[in-house]
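Asker: So the sequences go chain by chain: H and C.
Sequential numbering of the first sequence, starting at 1, is according to UniProt numbering.
Sequential numbering of the second sequence, starting at 1, is according to UniProt numbering.
My structure is below; once you've seen it, I'll send some questions.
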Amino acid sequence: MDELAATMTGFARTLRAAGVAADHERTRNLLLALDHLDVADPARVYWAGRLTLCAAPDDLPRYDRCFAAYFGGLRAAGRTADKVVTRHVAAGEAREDGEQEDADAAPGTASRTEILRHRDVAGMTEAERAEVHRMLAMLRDRRARRRSRRYRPAHRGVLDPRRTIREALRKGEVARLRRKTHTTRPREVVLLVDVSGSMSPYAETLLRYAHALVRGEPRATRVYSIGTRLTHVTAELRHRDPGTALNAASRVIPDWSGGTRLGEELRSFLKNHDARGAIVVLASDGWERGDPALLGAQMARLARQAYRVIWVNPHKGYEGYEPLTGGMRAALPYIDDLVAGHSLAAFEALSERLGHA
Amino acid sequence: MLRRTIRAADIESPEKLIELLDRYSYLADEGLATAAFLALRMGRPLFLEGEAGVGKTELAKTLAELLKAPLIRLQCYEGLDAAQALYDWDFARQLLHLKAAEAAGVTDVARLESEIYDRRFLIARPLLKAVETQPSVLLVDEIDRADDEFEAFLLEVLSDFTISIPELGTIKAATPPVVVVTSNRTREVHDALKRRCLYHWLEHPGFDREVAILLRRLPSCTETLAVQVAGAAERLRAAELIKPPGVAETLDWTEALLTLGARELDPGLAAATLGAALKYREDVEAVLANGLLRHG
Chain H
1 MDELAATMTG
11 FARTLRAAGV
21 AADHERTRNL
31 LLALDHLDVA
41 DPARVYWAGR
51 LTLCAAPDDL
61 PRYDRCFAAY
71 FGGLRAAGRT
81 ADKVVTRHVA
91 AGEAREDGEQ
101 EDADAAPGTA
111 SRTEILRHRD
121 VAGMTEAERA
131 EVHRMLAMLR
141 DRRARRRSRR
151 YRPAHRGVLD
161 PRRTIREALR
171 KGEVARLRRK
181 THTTRPREVV
191 LLVDVSGSMS
201 PYAETLLRYA
211 HALVRGEPRA
221 TRVYSIGTRL
231 THVTAELRHR
241 DPGTALNAAS
251 RVIPDWSGGT
261 RLGEELRSFL
271 KNHDARGAIV
281 VLASDGWERG
291 DPALLGAQMA
301 RLARQAYRVI
311 WVNPHKGYEG
321 YEPLTGGMRA
331 ALPYIDDLVA
341 GHSLAAFEAL
351 SERLGHA
Chain C
1 MLRRTIRAAD
11 IESPEKLIEL
21 LDRYSYLADE
31 GLATAAFLAL
41 RMGRPLFLEG
51 EAGVGKTELA
61 KTLAELLKAP
71 LIRLQCYEGL
81 DAAQALYDWD
91 FARQLLHLKA
101 AEAAGVTDVA
111 RLESEIYDRR
121 FLIARPLLKA
131 VETQPSVLLV
141 DEIDRADDEF
151 EAFLLEVLSD
161 FTISIPELGT
171 IKAATPPVVV
181 VTSNRTREVH
191 DALKRRCLYH
201 WLEHPGFDRE
211 VAILLRRLPS
221 CTETLAVQVA
231 GAAERLRAAE
241 LIKPPGVAET
251 LDWTEALLTL
261 GARELDPGLA
271 AATLGAALKY
281 REDVEAVLAN
291 GLLRHG
């Protein structure tokens, strides 16, 4: 390997440590790009690297930091960048791995399971919660389906010229008309999980529920955490093992147990992502520290985009609950369903709803 | 003015490309020029991401003009399939041909089949058209609107610019087309596709560049008006709006002002023409309520 290749491979490694997916193919592309440019000019190297190694706007500030550190003479700076970018969860919450979880929980009898199903997860012991989590992992939603633009052969429907002509060729004449009809596909669910301080007794269970949804319909589920910063965690939740998936998700969520600015978070969601035609499930207690009017305006936009808006509020499970918090009141006119989210039974009911939405 | 045909190989540096794009009234900065330069040189697709109206589509159009190549555009939408993006058979004509053969008493099925799957019965859709046309600029617009099935076969085509048609054989581009893929980032595009491409995030232009763009694109625009509109655009982008105006919108807005005979940004005229820059009622109300149009 020549010197240039070695330098660039090292740079790519630094980027990977900082969380940019600068893999080998991308590094090779960088070297190919540098063939066409003057490598003595730092600006050229900067752009060649940025164009080949980055893949999202989130990568750009990390890239800039790493570039400055690496080519500014500070070779060891890769590790500092790692600390800046991937913040770890301080609390021990959501950190156990799969095996440990199994060892903790004793297999429950039927009646015990039945009681557990309806109990609030916030008041449970570690072992009880682990058991509920294990049952959550087995939960599957029968997702509602929507019509796709794609076709499949069918007895009734519109004319399928491709198959008709193929058959005509085979038989030498047009014997009968073949037909086709639209296929269906699962309706997308966008899950927004509030991970702020007031939701902390429920956040882990909600993310485990999210994991079950992602596992069930990987291509039609998106999960974001909200608090003070919107974080997209679907990729992290793709992992098969719930413990590993949760660890991965908690590593990228920077605002675990912080404050809530639902209105601003929703605005950022609507600006950078979209929920057109999706069932949006917002899990939060509605404790809004920001301006409730802003939340109301964003909920109105969300309701116009989404197919259906379901708000999951853990406190809804209590008798005599009234949606009185400022945020809840502002959001209420734009919610299609307000449901509970405090127990296994509540999640089962929610999954049922996703099947009929 | 007589212009020599420019081939991609004639462009020797990003600066040269900036100069050439400038001739066609597209003002590119160093990053975008390097991106386009490398795309031309390396034969790689250029993946442009950024907010609506920052000039992603316009770049493809300008590259096509500059290279004197036809622009082939594929607008993406959900459910876009191979029959719409690659090729389709002209079934009506095939059926007619079959009927005619039947009437003439042709019974040789093998012969009929080879006749019916002839190139003349094939309808080339944008991807096939781009592979067959040289040189050409292929614009795959708003890829984020298509679904992942489409991404999969787009990736296949972009990998080696080969399209295989089972009934006809393989069609390969001798020289790959210049490909520009744009995304408004409403959805995450698969990494495998991005990895094939050069990735560039396009920002709103800075104040000076925007003034230059307005003056260049709209010759009747006075410098005072351009400075005031660009200043207002900067304030609008800094405000928390649902949809901040892009360059495309400031151009429309200025054009609307010029049509009404404005020589500078008069608050009354500005308010009357604001619909050219802002596309949400909430945004218009917020801007008028906060007096963002007043300059100074």
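Idealized CB from N, CA, C, for every residue including glycine.
Check this for me: beta carbons of A276(C) and A289(C), under 9 Å apart or not?
Answerer: No, the Cβ-Cβ distance between A276(C) and A289(C) is not below 9 Å.
Asker: Roughly how many angstroms separate the alpha carbons of T34(C) and I18(C), rounded to a whole number?
Answerer: Using only the alpha carbons, I get a separation of about 9 Å.
Asker: Tell me Q75(C)'s beta-bridge partners as DSSP assigns them.
Answerer: BP columns for Q75(C) point to D141(C).
Asker: Quick test of the definition: if touching needs 3 or more C-beta pairs under 8 Å, does the region 131 to 138 of chain H touch the region 160 to 167 of chain H?
Answerer: Flag = no, the region 131 to 138 of chain H and the region 160 to 167 of chain H do not touch.
Asker: By how many angstroms is the C-alpha of K194(C) removed from the C-alpha of A64(C)?
Answerer: Straight-line Cα distance between these residues: approximately 22 Å.
Asker: Over the uninterrupted beta strand (DSSP E) stretch that includes G169(C), give me the two end residues.
Answerer: Its beta strand (DSSP E) spans residues 169 to 172.
Asker: So L202(C) packs on E49(C), CB below 8 Å; how close in whole Å?
Answerer: At roughly 7 Å, the Cβ-Cβ gap stays under 8 Å, so L202(C) and E49(C) are in contact.
Asker: How would you label F207(C), buried or exposed, when you count the other beta carbons within 10 angstroms and need 16 or more for buried?
Answerer: It counts as exposed.
Asker: Might you give, ordered along the chain, the residues of its own chain that have their beta carbon closer than 6 Å to the beta carbon of A203(H), omitting 5 neighbours on each side?
Answerer: Hits under 6 Å: V195.
Asker: In three-state terms, what does DSSP make of S25(C)?
Answerer: Looking at S25(C) - three-state DSSP - the assignment turns out to be coil, as it is neither helix nor strand.
Asker: Might you give, ordered along the chain, the residues of its own chain that have their beta carbon closer than 6 Å to the beta carbon of D88(C), omitting 5 neighbours on each side?
Answerer: Excluding residues within five positions, the ones whose Cβ falls inside 6 Å are I123.
Asker: Take R140(H) and list the residues in its own chain whose beta-carbon comes closer than 6 Å to its own, dropping the five residues that flank it on each side.
Answerer: Excluding sequence neighbours, R140(H) sits near G216.
Asker: Where does Y70(H) fall in DSSP's three states?
Answerer: DSSP places Y70(H) in helix when its eight states are reduced to three.
Asker: For R44(C) and chain H, any beta-carbon pair shorter than 9 Å?
Answerer: So, interface residue.
Asker: What residues in the region 52 to 74 of chain H have a beta carbon less than 9 Å from any beta carbon of chain C?
Answerer: Residues T52, L53, C54, A55, A56, P57, D59, L60.
Asker: Taking DSSP as the reference, what is the three-state secondary structure of V229(C)?
Answerer: Three-state result, V229(C): helix.
Asker: Below 9 Å between beta carbons: does that hold for S164(C) and L71(C)?
Answerer: Contact flag unset, no.
Asker: Got a sec: is the Cβ-Cβ distance from G19(H) to anything in chain C below 9 Å?
Answerer: It does not; no Cβ of chain C falls within 9 Å.
Asker: Note down, in chain order, each residue of its chain lying with its Cβ closer than 6 Å to the Cβ of A245(H), except the 5 sequence neighbours on either side.
Answerer: If we look at A245(H) and ignore the five residues flanking it on each side, its Cβ neighbours are H211, L237, H239.
Asker: Within 9 Å (strictly less), CB to CB, does G108(H) reach chain C?
Answerer: With a pLDDT of 41 at G108(H), under the threshold of 50, the predicted position of this residue should be treated as unreliable, and no value is reported.
Asker: Mind checking M299(H): buried by the 16 CB within 10 Å criterion, or exposed?
Answerer: Classification of M299(H): buried, given that the 10 Å Cβ count is 16 or more.
Asker: I need the straight-line Cα distance from L269(C) to A262(C), nearest angstrom please.
Answerer: Using only the alpha carbons, I get a separation of about 8 Å.
Asker: Would you kindly work out how many angstroms separate the C-alpha atoms of L169(H) and E113(C), rounded to a whole number?
Answerer: Their Cα atoms are separated by approximately 7 Å.
Asker: Buried or exposed: where does P333(H) fall if 16 or more other Cβ atoms within 10 Å of its Cβ makes it buried?
Answerer: P333(H) should be labelled exposed.
Asker: Got a sec, what are the start and stop residues for the alpha helix (DSSP H) E348(H) sits in?
Answerer: Residues 344 to 356.
Asker: Can V280(H) and R304(H) be called in contact, C-beta distance under 9 Å?
Answerer: No, the pair does not count as a contact, with Cβ atoms beyond the cut-off.
Asker: Residues in its own chain within less than 6 Å of E188(H) by CB, not counting five upstream and five downstream?
Answerer: Within the same chain, E188(H) has close Cβ partners A220, A278.
Asker: Out of K180(H), A340(H), T184(H), state which residue places its alpha-carbon closest to the alpha-carbon of G320(H).
Answerer: Nearest option by C-alpha distance: A340(H).
Asker: So for V54(C), helix, strand or coil by DSSP?
Answerer: Reduced to three states, the DSSP call for V54(C) is coil.
Asker: Just to confirm my understanding: we take E78(C), look at its own chain, exclude 5 residues before and 5 after, and list those with CB closer than 8 Å. What are they?
Answerer: Around E78(C): R145, A146, D147.
Asker: Restricting to Cα atoms, I'd like to know which of I143(C), A52(C), R119(C) is closest to P45(C).
Answerer: Closest by alpha carbon: I143(C).
Asker: Taking only three categories from DSSP, how would you classify E49(C)?
Answerer: DSSP places E49(C) in strand when its eight states are reduced to three.
Asker: Expressed to the nearest angstrom, what Euclidean distance is found between the alpha-carbon atoms of C66(H) and R251(H)?
Answerer: Near 20 Å, if we compare the C-alpha coordinates of R251(H) and C66(H).
Asker: Does any residue of chain H have a CB that is nearer than 9 Å to the CB of W253(C)?
Answerer: Chain H contact via Cβ: absent.
Asker: Determine contact between the region 284 to 296 of chain H and the region 249 to 268 of chain H, defined as no fewer than three beta-carbon pairs at a distance below 8 Å.
Answerer: Yes, the region 284 to 296 of chain H is in contact with the region 249 to 268 of chain H.
Asker: To which residues of the same chain is L191(H) closer than 6 Å at the C-beta, ignoring the five residues directly before and after it?
Answerer: The answer, listed in chain order, is A210, V223, V281.
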